[in-house]
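Chains as they are written, first to last, in the working numbering: chain Z, 9 to 289; chain P, 2 to 420; chain D, -16 to 288.
Glycine included, each C-beta is placed from N, C-alpha and C at the ideal position.
Taking it in order: structure first as structure tokens, then the write-up.
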Amino acid sequence: MARARTPLGSTLQLVAAHAALLIYTVIALVPIVLIVLNSFKTRNAIFRTPYAFPDSDTFSLVGYETVFSRGSFPQYFANSVIVTVGALLLIFIAGTMAAHALAEYKFPGNGVMGLYLALGIMVPIRLGTVSILRLVVNLKLVDTLTALILVYTAMGLPLAVFVLSQFMRQIPRDLKDAARVDGASEYRVYWMTLPLIRPALGTVMVFNMIPIWNDLWFPLILAPSDANKTVTLGAQTFLGQFVNDYNAVLSSLTLSALPVVILYILFSRQLIRGLTSGAVK
Amino acid sequence: MKKVLLVLFVLTILLTGVTQAQDTVQLVIESWRNDDLTIWEDTILPVFEAQYPNIDVVFSPTAPTEYNAALNAKLEGGTAGDLITCRPFDVSLGLFDAGYLASLNDLAGMENFGDVAKSAWITDDGSDVFCVPMASVIHGFIYNADIFAELGLEEPTTVSEFYAVLDAIKASGMYTPLVMGTNDQWEAATMGYQNIGPNYWKGEEGRLGLIDGTAKYNEGGFLQAFEALAAWQPYLGDGYQAQTYADSQNAFTLGLGAIYPAGSWDISVFRANADFELGAFKPPVPDGQEDCYISDHTDIAMGMNAGTEHPEEAQTFLTWMTSPEFATLYSNALPGFFSLSNAQIEIDDPIAAEFVGWRNECASTIRSSYQILSRGEPNNETDLWAASANVLNLAQTPQEAADTVQSGLEQWYEPQMGS
Amino acid sequence: MPSSRKPFPFHIIVFLAPAVIIYTLFMIYPLLDSLRLSMFTADAGGQEVFVGLQNYQRLFTDPLWQPRILGALRNNFVFFGIHMLVQNPLALFLATLLSSRFIRGRTIYRSLIFTPSVLSIVLIAFIWRLILSPIFGKALFAPLGITLPPLLGEPATALPTLGLISVWQWVGVPMMLFVAALIGIPDELVEASRVDGATGWDVFWRIKLPLILPTVGIVGVLTFVGNFNAFDLIYTSQTALANPAFATDLLGTLFYRTFFGFQLQLGSPTMGATVAGVMFLIILLGVMIYLFTWQRRLLKNAVEM
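Take a look at the structure:
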């Protein structure tokens, strides 16, 4: 690694480094691969030859048939998309507006407001569940996707406002001031800054997307009916219902994981750039 | 990426909008019977829906271990289904007292049930019935008849015969003698302790003794039952401590084990998955004992969510559930759930018929912890789960486990205090 | 400032309103209301009456509650300890390799190792539950000549096993943060010390580690908050009862059980709020310690440098 400069040492160390990385990569992936692999096999083959690829004798889609006939996975998937996209949109709109206010204007209480909005970065929203449930019941939002969207927005806003306002402070003022001289309103100025913060926006969206998509707690408590289940809760319930049907269990695990993994592969460059760019410094 | 998400968003809104235009009333059933999902959807509910085309019933079960917590969460949040499957005695009574279950005194068809059937879902003063009794379940042992034939074994009737059979299976080295795990705790308590216990505590005599304070968990039959359970430990499969209920069902239907301590509700699961002959025997009696006792537990009923938006439709469904038609349909669709209706029902499944036949040979009782004893804290049922699992995990001796359960009861239950 | 041109900066309120309203209504208010609820109890008629700190006293002294809350606290610290001792050093090790310019395919490694972190904990829990089950797991490990012990069923091994499963899932996150920090170290610094004859080991301990200490602190505090808020893994794998015999009970599962009840027992919103109150205090304390020791010392060092 670090001493990989002298040719001889470098070869040995490179091999060792690659070996370590390879071993860990295998550890990280084998459990997932095993599940996917066995989801395409008959029940007996799953237990007799768990490592073998499915062949003409052992290939079976019976698990997937069960999943499609018994679970409402397309519905769950749609719910998850609505909740995640809805929350991300709200976080985007409310977050950029608040960040703009904090970064752009000097007003009494600016610092206090920034601190107030940042409190939620460290305090998990789950701790307020007892009262969130009561609030949602009083607002007649119980068992709606709206409730989830609002809660996730509240959960995501603190970090979004913090990161975005830090980023917005670095935007050169000339452009905005020039616009103001031309008579642009403050709302117009805000609108103009949006294209400039795209890098930070990616980070914020990525940071919020995965936890919202994968959350079990709030769907379980706030929107548990079959019509409003998200994929995570739907998979959890389905797995509970078909827990003694290995084919169905493996197939539903694969089906729930696959969309996320495909999305991840498609966007992993952006995601990783988002994670490693100035988000946390 | 944003554009892609936006398109998805619009698409899903369109999709969900299309599917929601309907005139029929939808009723949702909350249940812990996840094993029965396909039977409700394919066999039972279509019969009802054919008669009442304007009512669409959805069976929405939660895993048994999570049912009570999940149901409580939904009731607290007002998101629970219209029809609620009732556990017997104190849990459902608690739900009724909290105003979550509606009174069913005036429900047409309740006259089809006798007092014993209703006893598990009635207030202490008998003034309100709040669930329609569905079925009782009977404990016993189901075995893999192919393995018994291969090893030349016969059904045991006494405890010493039982151990002789277990020893023979163990000696063969090919199969797990007893298929049961302790991971889920309730399996050890229900399939183990409550299964074999009634023979030791003399059924109702012992159970009522606990309630009036004359019997104790840490002496007599209740202690002997823990000792008998502890003796199972050497016969359980490798890693039984991490074995879940589903693991047990899988291991048995895959033919890995010979004897499965069962609840009669397992019969339908095994019928669907096992490709070998099944047999059954009742809990073996202690050597020299004449009388036998079985756990014939009033297990399951259906009530109405007091907050339902469709009380009329829900009552229509509940009245249908009181009919002999439902009793026959249910008992045969789910062999192992024995209807509590007064109607005479033919049971087709031979194993289920054998289980229910034990009612004529032995005295029936219900599980010891369900009536009255689970009203306080610590909860007697919870304590029994932990104690039964601990005994099998060798974490506690039978005496220690029994002492823990007894002292838990003495902390809050008057008739057991200070004696 | 542009905003000072007008007497009343109405637009500032417009900009702040959506975020402040949603955040206050769904986060701050519930947190405060939950703390308030923790000082109430329901009387026989279902009315909530003020009882001061009695719920907290009950939680820590009542023979029924005490073993549960102390057990959950202890388990939670063990869980946190596993992450600090295994996850974060492993993440740092992997990040050191992955931030080297000489490793080919490092972005591919990075992406692959991060994969478990994008999956839902529910799936992870089921996957490992299957792999470690005595039925499917036996089939998996028997060909390798390994007799699988009942890791998730023994009180002694269940919690460490779940801790390692959690590490397996999340190691990618601190790894990424470390990679970002390590890449940010100017090459000249490393080069200069090399010229002075420092070994790779020296460079790591004397140059790199001190420079990424802020990230180490952030990873620590994120781990702390995440662990003391954990729930999904235990709930999915070991049920709300935290089998075996509460050996895997964390504050999150205790909170859920207390709030919603379990088995034959009904839940209590006020006692649930009390458990949440304890979690709140612990997390607050952890964050305070981080802010007032780690951050302050870093700031001091920065000034001296």
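Residue range of the alpha helix (DSSP H) that includes residue i
| i | result |
| --- | --- |
| residue 94 of chain Z | 81 to 112 |
| residue 104 of chain D | 104 to 114 |
| residue 53 of chain Z | 51 to 56 |
| residue 275 of chain P | Run containing residue 275 of chain P: none; DSSP gives neither H nor E here. |
| residue 149 of chain P | 146 to 152 |
| residue 90 of chain D | 89 to 101 |
Distance between residue j and residue i (C-alpha atoms, nearest Å)
| i | j | result |
| --- | --- | --- |
| residue 405 of chain P | residue 388 of chain P | 8 Å |
| residue 235 of chain P | residue 251 of chain D | 41 Å |
| residue -5 of chain D | residue 184 of chain Z | 16 Å |
| residue 146 of chain D | residue 362 of chain P | 51 Å |
| residue 197 of chain Z | residue 117 of chain Z | 22 Å |
| residue 264 of chain Z | residue 113 of chain D | 16 Å |
| residue 264 of chain D | residue 209 of chain D | 14 Å |
| residue 38 of chain P | residue 194 of chain Z | 59 Å |
| residue 61 of chain P | residue 192 of chain P | 25 Å |
| residue 106 of chain P | residue 274 of chain P | 40 Å |
| residue 255 of chain Z | residue 127 of chain Z | 45 Å |
| residue 22 of chain P | residue 313 of chain P | Because residue 22 of chain P carries a pLDDT of 44, less than 50, the predicted location of this residue cannot be relied on, and the following value inherits that uncertainty. Whole-angstrom Cα-Cα distance: 22 Å. |
| residue 160 of chain P | residue 381 of chain P | 27 Å |
| residue 135 of chain D | residue 104 of chain D | 16 Å |
| residue 189 of chain D | residue 281 of chain D | 16 Å |
| residue 80 of chain P | residue 329 of chain P | 32 Å |
| residue 146 of chain Z | residue 135 of chain Z | 19 Å |
| residue 50 of chain P | residue 66 of chain Z | 39 Å |
| residue 373 of chain Z | residue 31 of chain Z | Only positions 9 to 289 of chain Z appear in this structure, which leaves residue 373 of chain Z out of reach. |
| residue 237 of chain P | residue 123 of chain D | 20 Å |
| residue 274 of chain Z | residue 280 of chain Z | 12 Å |
Run of the beta strand (DSSP E) containing residue i, from where it starts to where it stops
| i | result |
| --- | --- |
| residue 281 of chain P | 279 to 282 |
| residue 298 of chain P | 294 to 305 |
| residue 31 of chain D | 31 to 33 |
| residue 27 of chain P | 26 to 32 |
| residue 84 of chain P | 84 to 87 |
| residue 261 of chain P | 258 to 264 |
| residue 178 of chain P | 177 to 179 |
| residue 365 of chain P | 364 to 366 |
Residue j beta carbon less than 8 Å from that of residue i
| i | j | result |
| --- | --- | --- |
| residue 307 of chain P | residue 103 of chain P | yes |
| residue 260 of chain Z | residue 235 of chain Z | no |
| residue 224 of chain Z | residue 241 of chain Z | yes |
| residue 286 of chain P | residue 200 of chain P | yes |
| residue 96 of chain Z | residue 5 of chain D | no |
| residue 141 of chain Z | residue 230 of chain Z | yes |
| residue 119 of chain D | residue 206 of chain D | no |
| residue 180 of chain P | residue 256 of chain P | no |
| residue 323 of chain P | residue 111 of chain P | yes |
| residue 261 of chain D | residue 142 of chain D | no |
Helix, strand or coil at residue i [DSSP, three-state]
| i | result |
| --- | --- |
| residue 2 of chain D | helix |
| residue 21 of chain P | Confidence at residue 21 of chain P is low in this model, with a pLDDT of 46, below 50, so its placement is unreliable and no value can be given for it. |
| residue 217 of chain P | coil |
| residue 94 of chain P | helix |
| residue 99 of chain P | coil |
| residue 22 of chain Z | helix |
| residue 148 of chain Z | coil |
| residue 40 of chain P | helix |
| residue 123 of chain P | strand |
Residue i - partner residues in DSSP beta bridges
| i | result |
| --- | --- |
| residue 269 of chain P | None; residue 269 of chain P has no bridge partner. |
| residue 134 of chain P | P:302 |
| residue 61 of chain P | P:31 |
| residue 139 of chain P | P:297 |
| residue 342 of chain P | P:114 |
| residue 237 of chain P | P:179 |
heavy atom of the ligand SAM below 7 Å from residue i C-beta
| i | result |
| --- | --- |
| residue 243 of chain D | Here there are no bound small molecules, and the ligand SAM is not part of this structure. |
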